[in-house]
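*Asks:* Input: one structure, supplied below.
Protein chains: 2
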Amino acid sequence: MVSALKYKYRNIGFKLTPQRIAILDYLEGNTGHPSAEDIYNAVAKKFPTMSLATVYTTMGALREKGNVLELKVDPDKKRYDPNTAKHNHVICISCKRIFDIPAAGSIDLPDSLTGVFSVLESYVEVRGLCLECQTVNAKK
Amino acid sequence: MVSALKYKYRNIGFKLTPQRIAILDYLEGNTGHPSAEDIYNAVAKKFPTMSLATVYTTMGALREKGNVLELKVDPDKKRYDPNTAKHNHVICISCKRIFDIPAAGSIDLPDSLTGVFSVLESYVEVRGLCLECQTVNAKK
DNA sequence: ATTAATGCAAACACTTTGCAATGGA
DNA sequence: TCCATTGCAAAGTGTTTGCATTAAT
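Protein sequences, first through last, are from chains U and S.
Under my numbering, the first residue of the first sequence is numbered 1, with each subsequent residue one higher.
Under my numbering, the first residue of the second sequence is numbered 141, with each subsequent residue one higher.
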C-alpha cells in the first residue's frame, strides 16, 4: 500500500494494523466481489492467526467510512465490493460469478409513486448465463 | 380457499393440509412481502402447534412449484411474494416496507457483454423514503 | 499512555434436517 | 394403506459480540 493511502486512512481515524493493510491490499482493484471467507482465506496466508471476526469487523468499519460496499447479491452470504462508484451487477446463475456493469439511467416510477416516493438510489441486477456456462450447457 | 384452487394444488401434487391451506389463505393477495416469521405468526393463531419448520418447508415446496417467489431484498431474512408475475420493488430504507412496481423495460448491457452474456431476467430495486418517512424525518 | 484492534470462543439469527407420529389421498 | 407432511429438537450457516491481550498512534 502506498503511503498516500496510509495517510488517507489514518486521517479518517482508521487505525492501520498489518492485518488491515493486508485486507486493503487484497481488496485493491479486486473485481471478484469476495465474501468474508474469501478475504479471510487470502489474508490468512500471511497471518495464520487471522480470524474471521477481524475480517468482519474490519469490513464493517470500512463500510461505515464509505470505503467498501456490502452487496446482497448473493442471498447466502455478504459480498464486498471495493468499487464504491455507482454501478450494477450481472450475475451468471450457473457459475455464480458477478460482473460489473455501468450504472443504468434513471428508473421510471409508476404514477402512483412519482413525486411521493423520494428515490435515493436504484440498483439493477441482471441474471443469465455467461459465455463459458452457455458453452458448457450446450455441450450437455 | 375456493375449491377450484384446491383442485389446482392437488393436481400439481401438492398435498393440502389444514396448515397449508391457512398459509395459502394468508398469502392470497398479500402484497406485504412477509417473512417466514410473519407467516408463522399469522398462521399460529389458528394452529398453536404450528412450527416455523413447517412454514419453511411449505414455502420451499411452493417455490419449487412456482407459486411463490423468494425475495432477497432484505439481507437479513427471506421474504416471500405470492405475486409471481414479473415486477420489481421499491424499498423504503427507513420503515423497510416494500412496494411493488411494474417491471422495467429491457436493460442495456455494456458492449463488452452484448451478445455474449445471455440475459434471462433482470431485476430493479429502488431505495429511498416513502411519504410517511419523509414527513417524520422532516419533523425532526 | 491512550485507545482501538486482534482473535478466540461463545452467542446469535435465520434456515435446514432427522425422525417419530400423524393424517391426507 | 401408503406416503407425504407435521412439529419438535438438534444441527448448520453466516455473522456478531464479550473480553483479555496486544499493538498503533
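All residues carry an ideal CB built from backbone N, CA and C; glycine is no exception.
Looking only at DSSP bridge pairs, what is residue 121 (chain U) linked to?
*Replies:* For this step, residue 121 (chain U) is matched to residue 121 along the first sequence. The partner list for residue 121 (chain U) (beta bridge, DSSP) reads S:267.
*Asks:* Assess contact between the region 77 to 93 of chain U and the region 129 to 138 of chain U, defined as three or more Cβ pairs (one per stretch) separated by less than 8 Å. Is contact present?
*Replies:* Flag = yes, the region 77 to 93 of chain U and the region 129 to 138 of chain U touch.
*Asks:* Where does residue 143 (chain S) sit, in a helix, a strand or coil, going by DSSP?
*Replies:* Here the question's residue 143 (chain S) lines up with position 3 in the second sequence. Helix at residue 143 (chain S).
*Asks:* Does the distance from the C-beta atom of residue 80 (chain U) to that of residue 70 (chain U) stay below 8 Å?
*Replies:* By 1-based counting over the first sequence, the position of residue 80 (chain U) is 80. By 1-based counting over the first sequence, the position of residue 70 (chain U) is 70. It is a contact, given that the beta carbons lie within the stated cut-off.
*Asks:* Can you check which of these residues, U:5, U:83, U:12, U:22, is closest to residue 30 (chain U) by C-alpha distance?
*Replies:* Your numbering for residue 30 (chain U) matches position 30 in the first sequence. Residue 30 (chain U) has its Cα closest to that of U:83, out of U:5, U:83, U:12, U:22.
*Asks:* Just checking: is the beta-carbon of residue 159 (chain S) within a distance shorter than 8 Å of some beta-carbon in chain U?
*Replies:* Here residue 159 (chain S) refers to the residue found at position 19 of the second sequence. Chain U, which has no Cβ nearer than 8 Å to the Cβ of residue 159 (chain S), makes this no.
*Asks:* Does any C-beta atom of chain U lie closer than 8 Å to the C-beta of residue 230 (chain S)?
*Replies:* Locating residue 230 (chain S) in the second sequence gives position 90, counting from the first residue. Yes, because at least one Cβ of chain U sits closer than 8 Å to the Cβ of residue 230 (chain S).
*Asks:* Below 6 Å CB to CB, which residues in the same chain sit around residue 78 (chain U) once its five sequence neighbours on both sides are set aside?
*Replies:* Counting from 1 along the first sequence, the entry for residue 78 (chain U) is found at position 78. Within the same chain, residue 78 (chain U) has close Cβ partners 70.
*Asks:* Please report the straight-line C-alpha distance between residue 121 (chain U) and residue 88 (chain U), rounded to a whole angstrom.
*Replies:* Locating residue 121 (chain U) in the first sequence gives position 121, counting from the first residue. Locating residue 88 (chain U) in the first sequence gives position 88, counting from the first residue. Going from the Cα of residue 121 (chain U) to the Cα of residue 88 (chain U) covers about 11 Å.
*Asks:* Closest to residue 65 (chain U) by CA distance: which of U:23, U:14, U:124 is it?
*Replies:* Working through the first sequence from its first residue, we reach residue 65 (chain U) at position 65. Nearest C-alpha to residue 65 (chain U): U:14.
*Asks:* Considering only residues of the region 166 to 224 of chain S, which uninterrupted alpha helix (DSSP H) runs meet the minimum length of 4 residues and lie entirely inside it, listed in chain order?
*Replies:* Those alpha helix (DSSP H) runs which fall completely within the region 166 to 224 of chain S and span 4+ residues are 176 to 184, 192 to 204.
*Asks:* What residue range is occupied by the uninterrupted beta strand (DSSP E) comprising residue 240 (chain S)?
*Replies:* The count along the second sequence starts at 1 and reaches residue 240 (chain S) at position 100. Segment 238 to 242, the beta strand (DSSP E) holding residue 240 (chain S).
*Asks:* What is the DSSP secondary structure of residue 93 (chain U), reduced to helix, strand or coil?
*Replies:* Taking the first sequence and counting its residues from 1, one reaches residue 93 (chain U) at position 93. It is coil, neither helix nor strand.
*Asks:* Look at residue 49 (chain U) and residue 20 (chain U) and say whether their C-beta atoms are less than 8 Å apart.
*Replies:* Translated into the one-based positions of the first sequence, residue 49 (chain U) becomes position 49. Translated into the one-based positions of the first sequence, residue 20 (chain U) becomes position 20. For residue 49 (chain U) and residue 20 (chain U), no; Cβs fall outside 8 Å.
*Asks:* Give me the Cβ distance between residue 173 (chain S) and residue 238 (chain S), rounded to the nearest whole Å; I'm assuming they're in contact under 8 Å.
*Replies:* On the second sequence, position 33 is the one that residue 173 (chain S) refers to. On the second sequence, position 98 is the one that residue 238 (chain S) refers to. Their Cβ separation, rounded to whole angstroms, is 5 Å, which keeps residue 173 (chain S) and residue 238 (chain S) in contact under 8 Å.
*Asks:* So, does the CB of residue 79 (chain U) fall closer than 8 Å to a CB anywhere in chain S?
*Replies:* To locate residue 79 (chain U), count along the first sequence from 1; it is residue 79. It does not: the Cβ of residue 79 (chain U) has no partner Cβ on chain S nearer than 8 Å.
*Asks:* Confirm, please, whether the CB-CB distance from residue 212 (chain S) to residue 86 (chain U) is below 8 Å.
*Replies:* Translated into the one-based positions of the first sequence, residue 86 (chain U) becomes position 86. Translated into the one-based positions of the second sequence, residue 212 (chain S) becomes position 72. Their beta carbons are not under 8 Å apart, which means residue 86 (chain U) does not touch residue 212 (chain S) by this criterion.
*Asks:* Cα separation between residue 38 (chain U) and residue 17 (chain U)?
*Replies:* For the purposes of this step, residue 38 (chain U) is identified with residue 38 of the first sequence, where counting begins at 1. For the purposes of this step, residue 17 (chain U) is identified with residue 17 of the first sequence, where counting begins at 1. The alpha-carbon atoms of residue 38 (chain U) and residue 17 (chain U) are separated by roughly 19 Å.
*Asks:* Can you list the residues of chain S that residue 128 (chain U) reaches, using a CB-CB cut of under 9 Å?
*Replies:* Here residue 128 (chain U) corresponds to residue number 128 of the first sequence, with the count starting at 1. Under the 9 Å cutoff, chain S gives 257, 258, 259, 260, 261, 262.
*Asks:* Out of curiosity, what's the CA-to-CA distance linking residue 76 (chain U) and residue 200 (chain S)?
*Replies:* Counted from its first residue, the first sequence places residue 76 (chain U) at position 76. Counted from its first residue, the second sequence places residue 200 (chain S) at position 60. One C-alpha to the other measures close to 15 Å.
*Asks:* Just list the residues that DSSP pairs residue 88 (chain U) with in beta bridges.
*Replies:* Translated into positions along the first sequence, residue 88 (chain U) becomes position 88. Paired residue(s): U:101.
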